[in-house]
Structure formats: structure tokens, C-alpha cells
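For reference, the structure discussed in these notes is given below.
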Amino acid sequence: MLYQRYIEIGRVCYIRLGEHAGKTCVVVDMVDQKHLLVDGPMSGVPRSTIRLNQVAITDLKIAIPRGCKTNKVRVELTKADISTKFAKTSLSKKAEAKKDKAGLGDFERFKLRVAKTT
Amino acid sequence: MRFKCAELKEFQIVGKPLSKTNEKTPIYKMRIFAPDEVVAKSRFWYFLRQLKKVRKVNGEILRLTEVSEKSPTKIKNFGIWVRYDSRSGSHNMYREYRDVMTTGAVTQCYRDMAARHRARAHSIQIMKVAEVKASDCRRSTVQQMHNSKIKFPLPHRILKYNKKSIFVAERPSTMQ
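Residue numbers (the numbering used here), protein chains in the order written: chain A, 1 to 118; chain B, 119 to 294.
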């Protein structure tokens with residue numbers, strides 16, 4: 001298959017930009033070619049519309065019917081254990097590493113620089 | 119009439135002509151899409167003046183309420199009947215939009231009319247907005263989303279580059 005990841009109902013997405021940046025959500029429905037209806041009951045994303053360019057697609061997918069209720073999404077997410085599976089993905093690890101790097105103080109950055117040169 | 123860049127709001131405005139003698143006058147209700155209450159009231163009198171022999175001076179607004187969306191998390195197909203003035207005449211149109219809120223669909227309509235027909239807000243009149251069933255939709259751009267197993271990849275995805283990486287050694291990957 002040329003394309004592995006599709007935007008489809010049940011696809012787990014990572015929100016790159018916007019109010020809920022850094023959280024994961026599930027595609028519940030599609031408004032049009034540029035907007036999705038997403039829901040993230042486990043990650044604190046309320047059921048809302050989001051632009052496609054705010055989102056990055058992950059490899060994870062759950063089986064939900066189109067437009068299903070938030071409760072069903074929550075049940076399917078826990079059944080598939082998406083939170084632990086997502087933590088293992090490279091996207092999640094990179095996001096964590098970026099957050100750690102941003103949280104470094106001046107001394108930590110010095111220590112990092114020293115560690116890189118030795 | 120200047121429309122602000124935010125989404126429009128839906129107002130229900132009820133007004134009636136004042137009577138000099140204390141006799142009952144008919145009461146009129148309108149569904150107005152406007153950015154705020156001030157513009158909403160203005161548009162109410164604009165339309166009412168066109169339809170009935172009432173002017174703002176001789177009338178009063180009984181009620182102005184903002185209407186909130188009944189189901190803001192359900193995607194709906196909206197049919198919008200528009201009348202607009204082009205450079206050479208006045209035309210009627212039927213347009214379809216997919217959105218979660220009525221106000222979102224109407225806002226899309228105004229943006230779309232401006233883009234496709236160079237119609238400014240003051241020359242557009244929204245005659246009717248109604249939710250349309252999927253089977254009754256007429257526009258292919260709306261019908262193409264009516265697939266319960268809809269899926270599409272994001273081929274050749276170009277995301278907004280940060281200014282640090284305008285010139286890079288290797289061609290960036292556009293695989294999502």
C-alpha cells in the first residue's frame with residue numbers, strides 16, 4: 001500500500017496546534033475535506049471540530065461507528081488501550097523529548113552542551 | 119454594512135409597528151444572522167421595511183434573543199437560499215454547506231459568495247436556511263462526504279514550515 005495512514009472514522013490523531021495541542025483525539029466524523037469532528041474523552045479534548053492541518057495522524061485506530069457518542073469512544077479507547085500504545089509511538093516520544101528540552105534551565109543546557117562535546 | 123471577521127450569530131428578532139390609536143398591530147418575527155445585536159436590529163428594520171410598511175421610527179423591537187445551536191456536535195447539511203446583487207442585476211441562489219452549526223454554515227456562505235461572486239455582505243440577503251437530509255442534497259461537494267466508510271490519505275502533505283528550516287540539506291519528507 002502506498003499510503004498506510006488514512007484519515008478515517010476511528011483514527012487516533014495527535015493535535016499539533018491550537019488550544020488542545022499535545023493531546024490525542026479520535027476522528028468521530030468528517031465535516032468536509034478540511035475539518036474533522038474529533039473527541040478525546042481520555043485526553044481531555046471535548047467533542048469539537050478541528051482543522052486537518054492542526055492534526056497529525058498516528059498509526060492507531062479504533063473501531064467506532066460514524067458519529068457515535070462520547071461514551072462509546074471512551075469504552076473503545078480503554079478496550080484498545082490507546083494511551084499506552086500511543087506512548088510507545090515515536091511521535092509521542094519526540095513530543096516528550098521536545099517538552100523536556102524546552103523545560104531545561106540554563107545550567108541543564110550547559111550540562112547538555114558539555115555532555116555533547118565530550 | 120461591515121461584517122467582522124468572526125463567525126456570525128443567529129438572532130430571533132420580534133418587532134411591530136407602533137399604533138397611534140391603541141389598536142392591535144401585527145407582530146413580525148425574523149431570523150437574522152449578524153455579528154452582533156446592533157447589526158441584527160439594523161438588518162431587521164432593513165428587511166421589514168422592504169416587506170411591510172414599517173419603519174424603525176414607527177416601530178419597536180419587542181424581543182431580541184440570540185439563538186444557540188441545538189446540536190453543536192452533530193454535523194449537518196445546510197441548504198441556504200440566497201438573494202444577492204451582482205454588478206449587473208439581482209439573482210437568487212441555492213447553496214449547500216456542511217457544518218456543525220447553522221451560524222457556521224451561514225458564515226461559510228458569506229465567505230463563499232465573496233470569494234466566488236465578489237458579493238459583499240451588504241448585497242447578500244439570506245432568504246432561508248434549512249437543514250437538509252443527506253438524500254436531498256444537491257451539491258456534489260456536500261454529497262461526497264455522505265459516505266459512512268469515508269477515508270482518505272493525506273498525500274504530499276505540506277505543513278507550515280518554521281523559519282529556521284527554509285534552506286535544508288535534504289528534501290523534507292511529505293509523508294504524513
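Even for Gly, the Cβ is constructed at its ideal location relative to N, Cα and C.
Quiz item: Quick one: is Gly105(A) buried, meaning 16 or more other Cβ sit within 10 Å of its Cβ, or exposed?
Solution: exposed
Quiz item: Any residues in the stretch 31-58 of chain A with a beta carbon nearer than 9 Å to a beta carbon of chain B? Which ones, in chain order?
Solution: Val31, Asp32, Gln33, His35, Leu37, Asp39, Pro46, Arg47, Ser48, Thr49, Leu52, Asn53, Ala56 and Ile57
Exercise. Taking a Cβ distance cut-off of 9 Å, strictly less, list which residues of the stretch 54-84 of chain A are near chain B, in chain order.
Key: Ala56, Ile57, Pro65, Arg66, Gly67 and Thr70
Quiz item: Looking at the unbroken beta strand (DSSP E) that takes in Ala124(B), where does it start and where does it end?
Solution: It is not in any beta strand (DSSP E) - Ala124(B) carries neither H nor E in the DSSP assignment.
Practice problem: Assess, as a yes-or-no matter, whether the stretch 200-209 of chain B is touched by the stretch 177-186 of chain B under the definition of 3 or more beta carbon pairs within less than 8 Å. | Solution: no
Quiz item: From this set, Ala97(A), Val114(A), Leu112(A) and Glu76(A), which residue's C-alpha is nearest Gly10(A)'s C-alpha?
Solution: Glu76(A)
Exercise. Give a yes or no on whether the minimum CB-CB distance between Asp29(A) and chain B is below 8 Å.
Key: yes
Quiz prompt | Per-residue DSSP class, three states only, for Asn53(A) | solution = helix
Quiz prompt | Alpha-carbon to alpha-carbon, Arg213(B) and Ser192(B) | solution = Correcting the residue identity first, residue 192(B) is Lys in this sequence and not Ser. So the alpha carbons of these two residues sit roughly 20 Å apart.
Quiz item: Using 8 Å as the threshold, is the stretch 51-68 of chain A in touch with the stretch 1-21 of chain A, meaning 3 or more CB pairs across them?
Solution: yes
Quiz item: Would a check of beta-carbon distances place Tyr6(A) closer than 8 Å to chain C?
Solution: This model lacks chain C altogether; the protein chains it does include are A and B.
Quiz item: Quick one: Cα of Ser208(B) to Cα of Arg173(B), how far?
Solution: 24 Å
Quiz prompt | Cβ-Cβ distance between Val31(A) and Ile62(A) below 8 Å | solution = no
Quiz item: What is the residue span of the alpha helix (DSSP H) that His235(B) lies within?
Solution: Thr220 to His235
Practice problem: Starting from Leu91(A), follow the beta strand (DSSP E) in both directions and report where the run begins and ends. | Solution: Note, Leu91(A): premise wrong, no beta strand (DSSP E); alpha helix (DSSP H) at Ser90 to Ala102.
Quiz item: Is Tyr14(A) close to chain B, meaning its C-beta is less than 8 Å from at least one C-beta of that chain?
Solution: no
Quiz item: Quick one: is Thr154(B) near chain A, going by C-beta distance under 8 Å?
Solution: Contrary to the premise, residue 154(B) reads as Asp rather than Thr in this sequence. Chain A contact via Cβ: absent.
Exercise. Run the CB neighbour count on Ala47(A), radius 10 Å, all protein chains shown included, and call it buried at 16 or more, exposed below.
Key: Correcting the residue type first, residue 47(A) is Arg in the shown sequence and not Ala. The residue is buried, with at least 16 neighbouring Cβ atoms inside 10 Å.
Quiz item: Mind pulling the chain A residues with CB within less than 7 Å of Phe270(B)?
Solution: Tyr6 and Ile7
Quiz item: Under 8 Å, do Lys85(A) and Leu60(A) count as touching if we go by C-beta distance?
Solution: yes
Self-check item: Neighbouring residues, chain A, relative to Asp217(B) (Cβ below 9 Å)
Solution: Val31, Asp32, His35 and Thr49
Quiz item: With 16 as the cutoff for other CB atoms within 10 Å, does Ala152(B) come out buried or exposed?
Solution: buried
Quiz prompt | Buried versus exposed, by CB contacts within 10 Å (16 or more), Arg289(B) | solution = exposed
Quiz item: Among Glu187(B), Ala252(B), Lys251(B) and Met245(B), which has the Cα closest to the Cα of Gly222(B)?
Solution: Glu187(B)
Self-check item: Close Cβ partners of Ile244(B) (< 8 Å) along its chain, the five nearest in sequence each way excluded
Solution: Phe151, Ile198, Trp199, Val200, Val224 and Cys227
Quiz item: CB Gly177(B) to CB Pro135(B), shorter than 8 Å?
Solution: yes
Self-check item: Span separating the alpha-carbon of Arg74(A) from that of Gly44(A)
Solution: 11 Å
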